[in-house]
Amino acid sequence: MSDSDFPAPVLPQASATTASLHIAQLWRYPVKSLLGERLPTLRLVGNGVEADRMWGILDRSDGRILTARRELRLLFASSRLASRDLPVITLPDGQELAGTGPVTDAALSAWLGKPVTLVAASESDAACAEYFADATDDASQAIEWTMPKGRFVDAFPVLVMTTAGLRSGAVAHPEGTWDVRRFRPNILIQLDSEGWLEDAWAERQLSVGSAQLIPRRRCIRCTMVNRAQPRLDRDVNIYKTLHRTHRGEAGMWTQVA
Numbered sequence: 003m004s005d006s007d008f009p010a011p012v013l014p015q016a017s018a019t020t021a022s023l024h025i026a027q028l029w030r031y032p033v034k035s036l037l038g039e040r041l042p043t044l045r046l047v048g049n050g051v052e053a054d055r056m057w058g059i060l061d062r063s064d065g066r067i068l069t070a071r072r073e074l075r076l077l078f079a080s081s082r083l084a085s086r087d088l089p090v091i092t093l094p095d096g097q098e099l100a101g102t103g104p105v106t107d108a109a110l111s112a113w114l115g116k117p118v119t120l121v122a123a124s125e126s127d128a129a130c131a132e133y134f135a136d137a138t139d140d141a142s143q144a145i146e147w148t149m150p151k152g153r154f155v156d157a158f159p160v161l162v163m164t165t166a167g168l169r170s171g172a173v174a175h176p177e178g179t180w181d182v183r184r185f186r187p188n189i190l191i192q193l194d195s196e197g198w199l200e201d202a203w204a205e206r207q208l209s210v211g212s213a214q215l216i217p218r219r220r221c222i223r224c225t226m227v228n229r230a231q232p233r234l235d236r237d238v239n240i241y242k243t244l245h246r247t248h249r250g251e252a253g254m255w256t257q258v259a
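My numbering runs 2 ahead of the 1-based position in the sequence shown.
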């Protein structure tokens, strides 16, 4: 699927609003919680986007997969997929780490100041991570949950959002920067309107290129949307606005049909 080379996404019984849909951006995040890569095309497989969140950084002290909820520095490194289906991590100082193994683990451990290992989801049991009870307070209770086996995703394998939803957030909190990178979708759909219109897509089939997707439910958001990353400052009012206007949810958790 491409963000420019195929017809617009199609929903059953398309209305005047759905008729103007087209793909705005496509994203993949090979390593969980690191910055990802914006791509001209994506390949979808049975359980999600190919190579998306297929690796994670394991904290050897407690056995959890690190996320930027707890380890804020992760959002200042990036990951991309190289040849031979290996992840390449770029650290904030520009150092590149190719694939898994002791060299990568040593560099990541030195950067984070604790023993960690880059692990593949395909070779791991269902992994544990954490979120905060209060998405605006990192001192609130940390709650553990188990991610689905096979990918380091929070709940569902694909995240779909629209520009209309982001526009709605910006209207409610105009001082904030409603950059799509805060929300980490795989597919951003251009929709020239305002509001979280993707909510209505739950359990309806969405055709994108040759792929058939089924949005299942609204994505429950956490402190990640507030986090600082390159060219984006920390802003807890992003989540507060979502909580006030949309029950703290944004975008649609989606499966590949």
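Just so you know, even glycine gets a beta-carbon here, dropped at the ideal spot from N, CA and C.
For residue i versus residue j, is the C-beta distance shorter than 8 Å?
i      : j      : result
Leu83  : Gly101 : no
Leu161 : Thr256 : yes
Gly306 : Met149 : No statement about residue 306 is possible, as the shown extent of the chain runs from 3 to 259 and does not include it.
Met226 : Arg66  : no
Arg229 : Glu251 : no
Gly58  : Lys34  : yes
Ile189 : Ile25  : yes
Asp107 : Val118 : yes
Phe154 : Ala123 : yes
Phe158 : Arg220 : no
Leu28  : Thr43  : yes
Leu23  : Arg75  : no
Gly178 : Asp237 : yes
So, helix, strand or coil for residue i, using DSSP?
i      : result
Gly167 : helix
Arg220 : strand
Trp180 : coil
Trp113 : helix
Met254 : strand
Thr43  : strand
Ser17  : Residue placement at Ser17 is flagged as unreliable, the pLDDT there being 44, under the threshold of 50; a coordinate-derived value is accordingly withheld.
Val33  : strand
Thr225 : helix
Ala123 : helix
Leu234 : strand
Ala26  : strand
Ala259 : coil
Ala53  : coil
Considering residue i, what are the terminal residues of the alpha helix (DSSP H) in which it resides?
i      : result
Ile240 : Val238 to His248
Need the endpoints of the beta strand (DSSP E) that residue i sits in, please.
i      : result
Ser81  : Ser80 to Leu83
Glu98  : Glu98 to Ala100
Tyr133 : Cys130 to Phe134
His175 : Segment: none, His175 is in no beta strand (DSSP E) and carries neither H nor E.
Thr69  : Segment: none, Thr69 is in no beta strand (DSSP E) and carries neither H nor E.
Ala157 : Taken as a continuous stretch (DSSP letters only), Ala157 belongs to no beta strand (DSSP E), as it is neither H nor E.
Arg146 : According to the sequence provided, residue 146 is Glu. The question's Arg does not apply to it. Ala144 to Thr148 is the extent of the beta strand (DSSP E) around Glu146.
Pro89  : Pro89 to Thr92
Gly58  : Trp57 to Asp61
Leu2   : Look at the range of the chain in this structure, 3 to 259, and you will see that residue 2 is not part of it.
Leu199 : Element bounds for Leu199: n/a, residue is neither H nor E.
Leu190 : Ile189 to Gln192
Throw me the rounded Cβ distance for the residue i and residue j pair, which I believe falls under 8 Å.
i     : j     : result
Ala79 : Leu37 : 7 Å
Glu98 : Val90 : 6 Å
Around the C-beta of residue i, are 16 or more other C-beta atoms found within 10 angstroms, so that it is buried, or is it exposed?
i      : result
Arg86  : exposed
Ser212 : exposed
Ile145 : exposed
Leu128 : For the sequence presented, residue 128 should be read as Ala rather than Leu. Label assigned to Ala128: exposed.
Asp194 : exposed
Gln143 : exposed
Thr69  : buried
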